[in-house]
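Residue numbers for the sequence shown follow my numbering, beginning at 10 and rising by one. See below for the structure under consideration.
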Amino acid sequence: MSFFDKIKEGLRKTKESAQNNLNAVLATFRTVDEDMLMELEDSLILADIGAELSMETVDELRDRAKLKNLQDQESIRQELCAILTEKMKPNNGLDLSTKPSVILVVGVNGVGKTTSIGKLGQKLTDEGKKVLFAAADTFRAAAADQLTIWADRCGADIVRHAEGADPSAVIFDAVSAAKARGCDVVICDTAGRLHNKKNLMNELAKMNRVIDRELPDAAKETLLVIDATTGQNGVNQAESFNEACTLTGIILTKLDGTAKGGIVINISNKLGVPVKFIGVGETAADLLEFEPDAFVQAFFE
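If you want it as structure tokens, here you go:
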């Protein structure tokens, strides 16, 4: 199955919902008038693109339709796709320009964070990189066990401590091991921090300080994992985490399980942060590098 086909299949629920609404709007109205635009705005909101962004999008579509004299369904659809693509931050991939580079992965409980780390580690080892996992979610023994299974599966190294250990100590030991072993990438798991718990956010800041002190010149990515099925709550999580640590990207999981995949566009636009990967299935091959244009085209295909 091709990349584009995987996105289309992963977005099946979203497409069925969005297409039905969008196609109904376009089929009902013969001309681009205010009634049609209002109906279109409602359709975008239903796809979880968000009220504010939906209004902005429709306003731009109104202006472009007048400027370009757009009348037929396909030209309106393509102009809408172009506007939505422009609303998202471009994805330039992961910055892994130093040896080692660091990827710090954060997110609340239950979003698929540890699984995403395992899948990402698999992708990087398949590319020939030497990967080390830092099991810094020490509050949940199962997280370290799960990460160990992924390390064994993909041939990555792992540093873990006993349950309840200081997460920053795990990060320190992992960075030291990565330097000693000549690893290319350190991927750090973290506890499923509740975004409204100040002490847990402070701990995240502490881990960042350890990384910055031990690897001051290293390329560092801070990726937030969000469950697409949480909808607008995912936007709230992203805003809170972005305040606690500067996010460089988003991993959106379980996109195949929601009819509201427009959350991808909403989050990227709201934070000005690129979506780096989307999860559309259970295997490592189903963690796809995000392409805004292909995503929007598949969204309305």
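Built from N, CA and C at the ideal position, the CB exists for glycine as well. Just so it is clear, the structure is predicted and the values come from calculations on it, not from any experiment.
Where the alpha helix (DSSP H) containing F308 begins and where it ends: In the sequence shown, the residue the question calls residue 308 occupies position 299. From DSSP, the alpha helix (DSSP H) with F308 extends over P301 to F308.
Touch test, the region 265-284 against the region 124-134, Cβ-Cβ under 8 Å, three pairs minimum: no
T107 to C163 span [Cα, whole Å]: For the purposes of this step, residue 107 is taken as residue 98 along the sequence shown, with counting starting at 1. For the purposes of this step, residue 163 is taken as residue 154 along the sequence shown, with counting starting at 1. C-alpha separation (whole angstroms): 22 Å.
C-alpha distance - L53 paired with N242, whole-angstrom precision: Reading the sequence shown from its first residue, position 44 is the one you call residue 53. Reading the sequence shown from its first residue, position 233 is the one you call residue 242. The straight-line gap from Cα to Cα measures roughly 17 Å.
Pair within 9 Å by beta-carbon distance, L296 and A247: Within the sequence shown, residue 296 is the residue found at index 287, counting from 1. Within the sequence shown, residue 247 is the residue found at index 238, counting from 1. It is not a contact, given that the beta carbons lie outside the stated cut-off.
Alpha-carbon to alpha-carbon, F286 and E298: In the sequence shown, residue 298 corresponds to position 289, counting from 1. In the sequence shown, residue 286 corresponds to position 277, counting from 1. Spanning the two alpha carbons is a distance of roughly 5 Å.
Proximity to A293 [Cα-Cα], best of Q306, Q80 and K263: Start at 1 with the first residue of the sequence shown, and residue 293 comes out as number 284. Nearest option by C-alpha distance: K263.
Contact check, V234 vs V140, beta carbons under 9 Å: Taking the sequence shown and counting its residues from 1, the one referred to as residue 234 is at position 225. Taking the sequence shown and counting its residues from 1, the one referred to as residue 140 is at position 131. It is not a contact, given that the beta carbons lie outside the stated cut-off.
R73 versus L79: straight-line alpha-carbon distance, rounded: The count along the sequence shown starts at 1 and reaches residue 73 at position 64. The count along the sequence shown starts at 1 and reaches residue 79 at position 70. So the alpha carbons of these two residues sit roughly 8 Å apart.
Three or more C-beta pairs below 8 Å linking the region 139-157 and the region 179-187: yes
Nearest-angstrom Cα separation, counted from A151 out to V120: Position 111 of the sequence shown, counting from 1, holds the residue named residue 120. Position 142 of the sequence shown, counting from 1, holds the residue named residue 151. Cα to Cα, V120 sits roughly 15 Å from A151.
Beta-carbon spacing of V111, V179 below 9 Å: By 1-based counting over the sequence shown, the position of residue 111 is 102. By 1-based counting over the sequence shown, the position of residue 179 is 170. No. Outside cutoff.
Terminal residues of the alpha helix (DSSP H) in which D57 lies: Locating residue 57 in the sequence shown gives position 48, where the first residue counts as 1. No alpha helix (DSSP H) holds D57; DSSP gives it neither H nor E.
Every unbroken beta strand (DSSP E) within the region 73-133, with a cutoff of 3 residues, ordered by chain: 110-115
Reference K229, options E291, P109 and A183, closest by Cα: Counting from 1 along the sequence shown, the entry for residue 229 is found at position 220. Nearest option by C-alpha distance: P109.
Contiguous alpha helix (DSSP H) assignments of at least 4 residues, all confined to the region 201-286: 207-223, 241-253 and 272-280
Spatially closest choice to T94 from M216, P283 and K138, by CA coordinates: Start at 1 with the first residue of the sequence shown, and residue 94 comes out as number 85. Comparing Cα-Cα distances from T94 to each of M216, P283 and K138, the minimum goes to P283.
Under 9 Å between C-beta atoms of S249 and M210: The residue labelled residue 249 in the question sits at position 240 within the sequence shown. The residue labelled residue 210 in the question sits at position 201 within the sequence shown. Contact: yes.
Beta-carbon proximity of L256 to T238, cut-off 9 Å: Within the sequence shown, numbered from 1, the residue matching residue 256 stands at position 247. Within the sequence shown, numbered from 1, the residue matching residue 238 stands at position 229. Their beta carbons are not under 9 Å apart, which means L256 does not touch T238 by this criterion.
Buried or exposed (CB count within 10 angstroms, at least 16 for buried), P225: Translated into the one-based positions of the sequence shown, residue 225 becomes position 216. P225 comes out exposed.
Supposed contact pair C192 and M166 - C-beta distance, whole angstroms, cut 8 Å: Indexing the sequence shown from 1 puts residue 166 at position 157. Indexing the sequence shown from 1 puts residue 192 at position 183. Per the sequence shown, the amino acid found at residue 166 is Asp instead of Met. With 8 Å as the limit, D166 and C192 qualify as a contact, their Cβ atoms being about 7 Å apart.
Counted within 10 angstroms of its Cβ, other Cβ atoms place P176 as buried (16 or more) or exposed: Here residue 176 refers to the residue found at position 167 of the sequence shown. Buried: at least 16 other Cβ atoms inside 10 Å.
Cβ-based neighbour list, L46, same chain, cut-off 8 Å, excluding 5 preceding and 5 following: Numbered from its first residue, the sequence shown carries residue 46 at position 37. Hits under 8 Å: V67, L70 and R71.
Counted within 10 angstroms of its Cβ, other Cβ atoms place G116 as buried (16 or more) or exposed: Locating residue 116 in the sequence shown gives position 107, where the first residue counts as 1. Classification for G116: buried.
Selection from N208, D81, L89 and E43 that minimises the alpha carbon distance to Q306: Mapped onto the sequence shown, residue 306 falls at position 297. Q306 has its Cα closest to that of L89, out of N208, D81, L89 and E43.
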